[in-house]
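Taking it in order: structure first as structure tokens, then the write-up.
Protein chains in written order, with the numbering used here: chain A, 392 to 1183; chain B, 27 to 181.
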């Protein structure tokens, strides 16, 4: 193994520029002669636009243009497309309303974009936006799921009666019903998966720069997948040829899903730049992020599990209502269906599962994938249910899991919910985690905490997820309107240094390091001689981008395929130069050698020969050493593991402190352990945020976003987290060349359930049966003070 | 428009700025020092922390005009050429950054902490960082990096 290859905690290549303030985020870029855009947003959740009067704004200092929905209509632009068509349980397609980039008739959530004001400076654009007079006729709004499904609720879309987008189901209801009939015991939960606001630290930004001389549109944007944005914007919104559009996503300050989607502002600045003939820049203020970035989660679920007399799961029944918001964001429809119900088997042998999902429109910001996307929701249902099952059977939380785990020798394992797991070892991750967390010694710690007027609790989550998204044919058969392969290109330069061009996009994940390590390992090149390029549609042949923990499993696999092609071509060249048979050449650590001899050529010599083909098999082989590959996975990958949280709750204040957190994850082969641990740390922090701190709140009556800033929406801070004990116990993925599974989301998927199981474990002795996320001090204090045994 | 003069990263600068210009916008837009970031509009996130006369300050809470005569250090002013400041080096060594957006503010804030408290406990570090949000790292490695820097500076 090269010292900087697979398994080495190589320090990150990208850090120098970030640490010295020399990163290039979109808002750091300024184009010559650039203008600034301010988006005028709806202050109402639901209103008819009667009239827009921009005369005063147009007369304001520095203002160059004001565009509205009428201009969009006049230019015959399209709406923002949805990338996934879900078909309901009766074979009917989902209701798919239009999603205009500027709204002309009816606004449907606070923050909906109504007009764009473009001026010489940011301040002028902002001042002038306040002068645009919009006459609204307010209408009643349905801001919560509970309200939107009521009879007589305000309708978001005329064509979606009862605000229903689709009514979807998976599984055999009759088989599940029969299992419940013969059950010895049944456990139930009725839970809320709280709505979250992703809050990548870099607010979204976009610069449109139309080049009149070349007739090309340039878009600089904060995106996780620039090629997807190019495709959607060119083909569906602006209706211009794709080759005339360049999308560049430079350094991007976090995404967590929220920067996957094609947003209106990207199309607005690109279109406006051509109309005006100057570059147009827009950068979100954080308040705008709150009301215009897609939100995450937001489910209401009733679930039950049927158990036999030994605590074995016989069947599971799940009923979920999921919030879509006012419009369908790019991937929204697949999140509460295919990324949710397919994970309901968890790590268990439950033989029959039936899941019903109703997707509902509300007068709120669109909801789409946020770190984990569907899988944290599934994990929360399953793992809360398992703890309830432990309660009704009187079994220990670890023991009931052991009784129901898919055994380590049962892989590949076909679940009753479509997917087939390729590998895993849930017993071991559980055992290691319990030992690390000193599960056996917990009751002693509970007793000690009680002396300090604290309730201590411990909770487990033995979760699974599906990532490495995704086999194109599989997702295509269930409604995806795109393939989900990845592309990679490996260029060996004449002097032997290497440029890797990848369709994956790094916005914190460290691809510039990890992917360079792949080249170090597979080509024997020092990582100092490897450059990783991503984020630019003009440089990278194609790409589907980064989400669903897919970069290494799919993007990395494409690179491995391309490197294999490099080695194969190199062997042909070496065979020629060394006057040996191609079959006799072996390649190792950057050297092509005739087996059993000392005759060899280095990769540098081979690349030299490829680019200066004086002595070269030119009749059979093209010069140059550059290979491209596309990789389409044959299955999802299935990371899993065990998270153990220990909490202490202050009896007087209701404050929940996580005093210990252990994660033992199975993420397949690890390329860079340091980066893997960092990914888990970050995911756990977001999971802790969901469990204890974060909750998006709308005022039910007005549809106003109550948690619209960092003063109101509680982000996890350093003081909210304990030191995290993170490790891996890995089984290899069986179907990709690296054996990797993915690590980006595991932290956020496993941890909320572990923390909430710990909270429930802490308050159960007081007779408290249920606490919803986020378990804020107020919520917990109220529960403590109305608890049946609170006086103790 | 008021004229304002200050020293930024050792260099004297003078400019006419609109009275409402915040220091962070002055640094980013007038001086092109884009390492100082804007992550919110309520002075919560700390991505814009710089040093004003040696103290860590959120540069979104100051008008440029308030900084007349002040000595400002931004993230760009820390390293000596390619040689990183010990805090920057510790962040790299401990993987205390991922997307890098909060990083300049974190580093500037952390340097002020170890100047004021030579051996901060883990709890003290976490409490000091109350005004700096990070969405990527879970703070774990940031806390480690700061503790390591404090220790190496004591040694």
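The beta carbon of each residue, even a glycine, is placed where N, CA and C say it ideally should be. As the structure is a computational prediction, the values presented were derived from the model and not from experiment.
Check: In or out: residue 84 of chain B buried (at least 16 other Cβ within 10 Å) or exposed?; Outcome: buried
Check: List the endpoints of the continuous alpha helix (DSSP H) containing residue 1072 of chain A.; Outcome: 1064-1079
Check: Assuming residue 1116 of chain A and residue 1052 of chain A make a contact with CB atoms under 8 Å, what is their CB distance in whole Å?; Outcome: 7 Å
Check: Would you mind reading off the limits of the alpha helix (DSSP H) that contains residue 1148 of chain A?; Outcome: 1137-1154
Check: Give me the Cβ distance between residue 1063 of chain A and residue 937 of chain A, rounded to the nearest whole Å; I'm assuming they're in contact under 8 Å.; Outcome: Their Cβ separation, rounded to whole angstroms, is 16 Å, which puts residue 1063 of chain A and residue 937 of chain A out of contact at 8 Å.
Check: How about residue 515 of chain A and residue 670 of chain A: are their beta carbons less than 8 Å apart?; Outcome: no
Check: Would you report the Cα separation of residue 489 of chain A and residue 497 of chain A, rounded to the nearest angstrom?; Outcome: 12 Å
Check: Specify the secondary structure class of residue 1122 of chain A as computed by DSSP and reduced to three states.; Outcome: coil
Check: Which residue from A/1139, A/997, A/1180, A/1140 puts its Cα closest to that of residue 1159 of chain A?; Outcome: A/1180
Check: Any idea what DSSP makes of residue 163 of chain B, helix, strand or coil?; Outcome: coil
Check: Answer yes or no: does any C-beta atom of chain B fall closer than 8 Å to that of residue 1006 of chain A?; Outcome: no
Check: What does the alpha-carbon distance come out to for the pair residue 1271 of chain A and residue 549 of chain A?; Outcome: Residue 1271 of chain A is absent from the model: chain A starts at 392 and stops at 1183.
Check: Which chain B residues are close to residue 1102 of chain A, counting only those with a beta carbon under 9 Å from its beta carbon?; Outcome: 68, 70
Check: Helix or strand or just coil, what does DSSP make of residue 637 of chain A?; Outcome: strand
Check: Please say whether residue 475 of chain A and residue 746 of chain A have beta carbons closer to each other than 8 Å?; Outcome: no
Check: Please identify, using Cβ separations under 9 Å, the residues of the stretch 152-167 of chain B that lie next to chain A, in order along the chain.; Outcome: 152, 153, 154, 155, 156, 157, 158, 159, 160, 161, 162, 163, 164, 165, 166, 167
Check: Between which residues of its own chain and residue 597 of chain A is the CB-CB distance below 6 Å, once the five residues before and five after are set aside?; Outcome: 612, 656, 657, 660, 673
Check: If the cut-off is 9 Å on Cβ atoms, which residues from the stretch 573-605 of chain A count as contacting chain B, listed in chain order?; Outcome: 589, 590, 591, 592, 593, 594
Check: Measure how close the beta-carbons of residue 928 of chain A and residue 617 of chain A come, nearest whole angstrom, since I'm counting them as under 8 Å.; Outcome: 5 Å
Check: Applying the criterion that 16 or more other CB atoms from any shown protein chain within 10 Å of the CB defines a buried residue, is residue 1177 of chain A buried or exposed?; Outcome: exposed
Check: Which same chain residues, not among the five before or five after residue 606 of chain A, have their C-beta less than 7 Å away from its C-beta?; Outcome: 635
Check: Going by DSSP in three states, residue 411 of chain A sits in which element: helix, strand or coil?; Outcome: coil
Check: Entirely within the stretch 514-571 of chain A and at least 3 residues each: give me those beta strand (DSSP E) ranges in chain order.; Outcome: 524-529, 555-561
Check: Beta-carbon of residue 643 of chain A versus every beta-carbon of chain B: anything under 8 Å?; Outcome: yes
Check: From what residue to what residue does the alpha helix (DSSP H) around residue 817 of chain A run?; Outcome: 817-827
Check: At least one CB of chain A closer than 8 Å to the CB of residue 99 of chain B: is that the case?; Outcome: no
Check: Between the stretch 676-686 of chain A and the stretch 624-632 of chain A, do three or more beta carbon pairs fall short of 8 Å?; Outcome: no
Check: Quick check on residue 77 of chain B - is its C-beta less than 8 Å from some C-beta in chain A?; Outcome: no
Check: Can you name the residues of chain B whose CB is closer than 8 Å to the CB of residue 1140 of chain A?; Outcome: Correct list: empty, because the minimum Cβ distance to chain B is about 14 Å.
Check: Return the Cβ separation of residue 433 of chain A and residue 501 of chain A in integer angstroms, given the expectation that the two are a contact with Cβ distance under 8 Å.; Outcome: 6 Å
Check: Below 8 Å, can you find three or more Cβ-Cβ pairs linking the stretch 402-409 of chain A to the stretch 112-126 of chain B?; Outcome: yes
Check: Hey, out of A/951, A/950, A/981, whose CA is closest to residue 1187 of chain A's CA?; Outcome: Lying before the first or after the last residue shown, residue 1187 of chain A is absent from chain A, which here runs from 392 to 1183.
Check: Check the Cβ-Cβ distances between residue 1083 of chain A and every residue of chain B, and say whether any is below 8 Å.; Outcome: no
Check: Determine whether the Cβ of residue 688 of chain A lies closer than 8 Å to any Cβ atom of chain B.; Outcome: no
Check: Which runs of the alpha helix (DSSP H) at least 4 residues long sit entirely within the stretch 786-864 of chain A? Give them in chain order.; Outcome: 788-795, 817-827, 833-842
Check: Terminal residues of the continuous alpha helix (DSSP H) containing residue 908 of chain A?; Outcome: 902-914
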